[in-house]
Each structure stands twice: as structure tokens, then as C-alpha cells.
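Q: Here it is, the structure in full.
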Amino acid sequence: MRSILITGGSRGIGRATALLCAAKGWAVAVNYLGNAAAAEEVVAEIEGKGGRALALRGDVAVEEDVVSMYAAAQRELGPLGGVVVNAGIVAPSLPLTEIGADRMRRIFEVNAIGAYLCAREAARMLAKSRGGQGGSIVLVSSMAARLGAPFEYVDYAGAKAAVDTLTVGLAKELGGEGVRVNAVRPGLVETDIHASGGQPDRAKRLGATSPLGRPGQPEEVAEAIVWFLSDASSYVTGALLDVSGGR
Ligand code: NAP
Numbered sequence: 014m015r016s017i018l019i020t021g022g023s024r025g026i027g028r029a030t031a032l033l034c035a036a037k038g039w040a041v042a043v044n045y046l047g048n049a050a051a052a053e054e055v056v057a058e059i060e061g062k063g064g065r066a067l068a069l070r071g072d073v074a075v076e077e078d079v080v081s082m083y084a085a086a087q088r089e090l091g092p093l094g095g096v097v098v099n100a101g102i103v104a105p106s107l108p109l110t111e112i113g114a115d116r117m118r119r120i121f122e123v124n125a126i127g128a129y130l131c132a133r134e135a136a137r138m139l140a141k142s143r144g145g146q147g148g149s150i151v152l153v154s155s156m157a158a159r160l161g162a163p164f165e166y167v168d169y170a171g172a173k174a175a176v177d178t179l180t181v182g183l184a185k186e187l188g189g190e191g192v193r194v195n196a197v198r199p200g201l202v203e204t205d206i207h208a209s210g211g212q213p214d215r216a217k218r219l220g221a222t223s224p225l226g227r228p229g230q231p232e233e234v235a236e237a238i239v240w241f242l243s244d245a246s247s248y249v250t251g252a253l254l255d256v257s258g259g260r
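Mind the numbering: the sequence shown is residues 14 to 260 in our numbering, read in order.
Quick look at the structure:
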């Protein structure tokens with residue numbers, strides 16, 4: 014059985030990915046920040062179907078939390094074979110002229126520094142030269158990195174651009190270590206994240222204007238993530254895959 018750690022696995026895209034990993038027979042560590050009930054619900058759903066899962070609280074922006082959550086995952090589920098660096102946040106839509114430094118810092122701390130810390134810990138655990146078994150790291154970026162998210166959150170878009178660059182560089186660092194590194198860039202996907210930015214209907218409203226004419230579902234992003242985690246993508250590393258309905 015392969016063991017996978019998913020940051021932000023309690024809701025949305027992370028939750029759908031946790032359930033799909035479990036359906037493939039993989040053990041799953043479900044990280045969350047504050048919503049213990051949602052994380053426990055994911056664990057219960059996996060265990061109810063005979064799978065193995067574990068909920069782990071930790072803020073991806075806090076180094077000690079990241080280090081201890083990786084250690085706990087490995088202790089409880091055995092050596093990790095894959096990591097999904099998924100946890101992310103947005104903030105209310107504003108033009109850059111109205112965005113304060115505190116918000117910029119938190120957006121970059123969670124989406125960029127958090128991704129770098131989680132990818133670093135994954136690299137430390139998976140690299141063969143450090144005793145790991147190799148594996149796959151999948152980062153969840155955003156189409157915002159390409160589109161810029163004008164008048165909404167150019168700070169978030171910039172943090173996700175850093176995730177894209179991390180993917181390209183880390184793939185080159187870890188190619189000889191038996192570790193592949195790839196990213197998905199979701200477009201407009203129906204999750205709670207839009208309500209947290211003050212626009213619960215955002216995915217539905219803007220998704221209708223995409224070439225496929227609808228928002229995506231978290232399960233559709235999870236399929237791409239699980240493909241990157243699996244051996245089916247064995248010759249793919251450093252790739253950025255848009256899962257955006259053509260947006
Ligand atoms: P979501 O439904 O709002 O879920 C966010 C998840 O991240 C939750 O599990 C949350 O935990 C966790 N989280 C938030 N801050 C955290 C922190 N500091 N430390 C640890 N966990 C934290 O979001 P989503 O839409 O599934 O988004 C998942 C990823 O996809 C994000 O990186 C997001 O930027 C990206 N994305 C989403 C869309 C979209 O349209 N939905 C589009 C492009 C990219 P709690 O449950 O404990 O709060």
C-alpha cells in the first residue's frame with residue numbers, strides 16, 4: 014500500500030483527492046487547519062470503506078507544524094510514496110491599490126511559503142539518497158498564475174506563480190532521486206474557497222464563460238492529481254497541467 018499526505022485534505026479539491034487515493038487502495042494522511050470535523054468526516058468515509066486514513070492538524074505556513082505533521086504521517090502510515098501540496102487560501106476581491114501588507118503577507122505565507130515548506134519536507138522524505146523510496150510530489154497551483162487575477166487577487170496569483178516555478182526547479186533537483194514533481198492548475202472549481210473570498214457564486218458565474226461552459230468539480234481535478242501520483246505518469250516531471258475547462 015502506498016501512503017500519501019495531502020495538505021488541505023479536509024475540504025474541496027484536497028478532500029476529493031483523498032477519497033480517490035483511498036479508492037485506489039492508498040493510505041491517506043489528511044491535513045487540515047481548523048476544521049477538524051471535516052477532516053474526521055473524510056477519515057471516517059475512507060475507514061468506512063475499509064481504507065486507512067489519519068487526520069493531522071497543522072498550518073502549512075508554520076515550519077514546526079509542517080515538520081511534525083510529516084513525521085506523524087510517516088510514523089502512523091509508513092514511508093510516504095506521494096505528497097499533494099494543496100492547501101491554499103484566497104481573500105476578498107480587490108484591485109492591488111486596495112490590498113494591504115498584512116493580507117499580502119498571509120496570502121504569500123500560506124500559498125507560497127507553505128507550498129515551499131511542504132515541498133521541501135516531501136523532498137527530504139522521498140529522496141532516495143536520504144533513505145526515501147522515491148515517489149511523486151503534486152503541487153496545486155492555479156490558472157490565476159497565468160491569468161493574473163486582475164481586480165480580484167493579484168497577490169494570490171503571484172503566490173501561485175511561485176508554485177509553478179517551484180515545480181519546474183524542484184523537478185530538476187529531484188529527477189535523479191526517483192522523485193517526480195508536477196503541478197495542476199485548476200480553473201473555476203466548485204468548492205468553499207469562493208465563499209471564503211466573499212463570492213459564493215464565483216465558480217458558477219465565471220465558469221459559464223469558459224470554453225466548456227461550466228465550472229469544474231473537485232473530483233475532476235482529483236483525477237489529474239491522482240494520475241500524477243500514480244505510475245501511469247512515470248515519464249512526466251516538471252509539468253504544469255491546466256485543469257480549467259479551456260479557460
Ligand atoms: P477549500 O475548499 O477552501 O479548501 C481549502 C483546504 O485547505 C481546507 O482543507 C483547509 O483546511 C485547508 N487550509 C487552508 N489554509 C490552510 C493552512 N494554512 N494550513 C493547512 N491547511 C489549510 O479550497 P479548494 O478550492 O479545494 O482549494 C484547494 C487548492 O486549489 C488551493 O491551493 C487553491 O488555491 C487551489 N485552487 C482552487 C480553485 C478553485 O476554483 N476552487 C482554482 C484554482 C486553484 P480547513 O478545512 O481546516 O479550513
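Beta carbons are placed, not taken as given, at the ideal position from N, Cα and C, and that holds for glycine.
1. For the beta strand (DSSP E) holding Asp-255, just list the boundary residues, first then last.
2. Ala-7: which of Val-181, Glu-53 and Ala-50 sits nearest, CA to CA?
3. Per DSSP, what kind of secondary structure is Arg-70 in: helix, strand or coil?
4. Quick check on this structure: which residue in Ile-206, Gly-91, Leu-187 and Ser-246 has the alpha carbon closest to the alpha carbon of Ala-40?
5. Within the same chain, show all residues whose beta-carbon is closer than 6 angstroms to that of Ala-68, passing over the 5 residues directly before and after it, in chain order.
6. Less than 7 angstroms separating the Cβ of Tyr-211 from some heavy atom of the ligand NAP?
7. Quick check on the DSSP output: the alpha helix (DSSP H) that includes Ser-81 runs from which residue to which?
8. If we call anything under 8 angstroms between Cβ atoms a contact, is Asn-124 one with Ile-19?
9. With a threshold of 7 angstroms, establish whether the CB of Gly-226 neighbours any heavy atom of the ligand NAP.
10. Kindly indicate which residue of Arg-218, Ser-209 and Cys-34 has the alpha-carbon position closest to the one of Glu-232.
11. Would Leu-187 be called buried (16 or more neighbouring beta carbons within 10 Å of its own) or exposed?
12. So, do the region 210-221 and the region 107-114 have three or more beta carbon pairs nearer to each other than 8 angstroms?
13. Please list the segments of the beta strand (DSSP E) lying wholly inside the region 168-203, counting only runs of 3 or more residues, in order along the chain.
14. Would you tell me roughly how many angstroms separate the C-alpha atoms of Asp-72 and Asp-78, rounded to the nearest one?
15. Excluding the five sequence neighbours on either side, which residues of its own chain have a C-beta within less than 8 angstroms of the C-beta of Ala-237, listed in chain order?
16. Exposed or buried, what is Gly-171 when buried is set at 16 or more other beta-carbons lying within 10 Å of its beta-carbon?
17. Please check the pair Arg-260 and Leu-201, which I expect to be a contact at CB under 8 angstroms, by giving their CB distance rounded to whole angstroms.
18. Around the Cβ of Glu-60, are there at least 16 other Cβ atoms within 10 angstroms (buried) or fewer (exposed)?
A: Working from what's here:
1. For Asp-255, the uninterrupted beta strand (DSSP E) segment begins and ends at 253-256.
2. Examination of residue 7 is not possible in this model, given that the chain is present from 14 through 260 alone.
3. For Arg-70, the three-state secondary structure derived from DSSP is strand.
4. Put simply, of Ile-206, Gly-91, Leu-187 and Ser-246 the residue whose alpha carbon is nearest the alpha carbon of Ala-40 is Gly-91.
5. Excluding positions up to five away in sequence, the list reads Val-43, Ala-52, Glu-53 and Val-56.
6. Checking the displayed sequence, the identity of residue 211 turns out to be Gly instead of Tyr. No; taking the cut-off as 7 angstroms, the Cβ of Gly-211 has no heavy atom of the ligand NAP nearer than that.
7. Its alpha helix (DSSP H) spans residues 76-90.
8. Their beta carbons are not under 8 angstroms apart, which means Asn-124 does not touch Ile-19 by this criterion.
9. Residue side-chain check: Gly-226 keeps its Cβ at 7 angstroms or more from all non-hydrogen atoms of the ligand NAP.
10. For the residues Arg-218, Ser-209 and Cys-34, the minimum Cα distance to Glu-232 belongs to Cys-34.
11. Classification for Leu-187: buried.
12. These segments do not touch.
13. Counting whole runs of 3 or more residues, the region 168-203 contains the beta strand (DSSP E) stretches 192-199.
14. Each residue's alpha carbon lies about 6 angstroms from the other.
15. The residues are Val-197, Leu-254 and Val-256.
16. Flag for Gly-171 reads buried.
17. Correct: roughly 7 angstroms between the Cβ atoms.
18. Taking every protein chain shown into account, the CB of Glu-60 has fewer than 16 other CB atoms within 10 angstroms, so this residue is exposed.
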